[in-house]
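Novice:
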Amino acid sequence: MTDTDAARIRLTVDGRSIEVKPGTTVAAALAIAGIRGSRLSVKGEPRDALCGMGVCQECRVTIDGRAHALACQTLCRDGQRVQTRNGTVHA
130 MTDTDAARIR LTVDGRSIEV KPGTTVAAAL AIAGIRGSRL SVKGEPRDAL CGMGVCQECR
190 VTIDGRAHAL ACQTLCRDGQ RVQTRNGTVH A
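Residues 130 to 220, numbered by our numbering, are exactly what the sequence shown covers, in order.
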C-alpha cells in the first residue's frame, strides 16, 4: 500500500474540511493545514502548541463541543469538529 492509498481521516477545523493520516494529533493536523494560533492568552496574544506533550497547555481547542481539549494529546477522528481561536476565542 502506498502513502496515497492509505486511509485518510476527515475532520473539520473552524468550518474547513481537512484530511490527515490515521494517528495524526489535532495539533499536527492544525500545523499541516497551516492554521496558526489555536487560542488567545488572557492578554489577547495568539498561542500555539509549544511542548507537544500536554504540559504547557498552549494548544487548547474545542473538540466536538468540549472546550479546553489538548490538541497535542488528542488523535484525529473521522468527523471530528475542532474550533480554534479563529472559530471561538479561548482564554
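Cβ atoms here follow ideal geometry from the backbone N, Cα and C, with glycine treated the same way.
Counting pairs of beta carbons, one from the stretch 199-213 and one from the stretch 137-154, are three or more of them closer than 8 Å?
Specialist: yes
Novice: Report buried or exposed for cysteine 180, applying the criterion of at least 16 other Cβ atoms within 10 angstroms of its Cβ.
Specialist: exposed
Novice: Using 10 angstroms around the beta-carbon of threonine 217, count the other beta-carbons present and answer buried if the total reaches 16, otherwise exposed.
Specialist: Here the model assigns threonine 217 a pLDDT of 46, short of 50, so the residue's position is not dependable, and the following value carries that caveat. The residue in question, threonine 217, is exposed, as its Cβ has fewer than 16 Cβ neighbours within 10 Å.
Novice: Can arginine 139 and aspartate 207 be called in contact, C-beta distance under 8 Å?
Specialist: Cβ distance < 8 Å, so arginine 139 and aspartate 207 count as in contact.
Novice: At which residues does the beta strand (DSSP E) containing valine 155 begin and terminate?
Specialist: It is not in any beta strand (DSSP E) - valine 155 instead sits in the alpha helix (DSSP H) that spans 155-161.
Novice: Helix or strand or just coil, what does DSSP make of glutamine 209?
Specialist: coil
Novice: Check for me: the beta strand (DSSP E) holding alanine 198 runs from which residue to which?
Specialist: 195-199
Novice: Pop quiz: serine 170 and alanine 178 are said to be a contact at Cβ under 8 Å. What is the actual Cβ separation, rounded to whole angstroms?
Specialist: With 8 Å as the limit, serine 170 and alanine 178 do not qualify as a contact, their Cβ atoms being about 14 Å apart.
Novice: Just to confirm before moving on: does the CB-CB distance between arginine 195 and glutamate 187 stay below 8 Å?
Specialist: no
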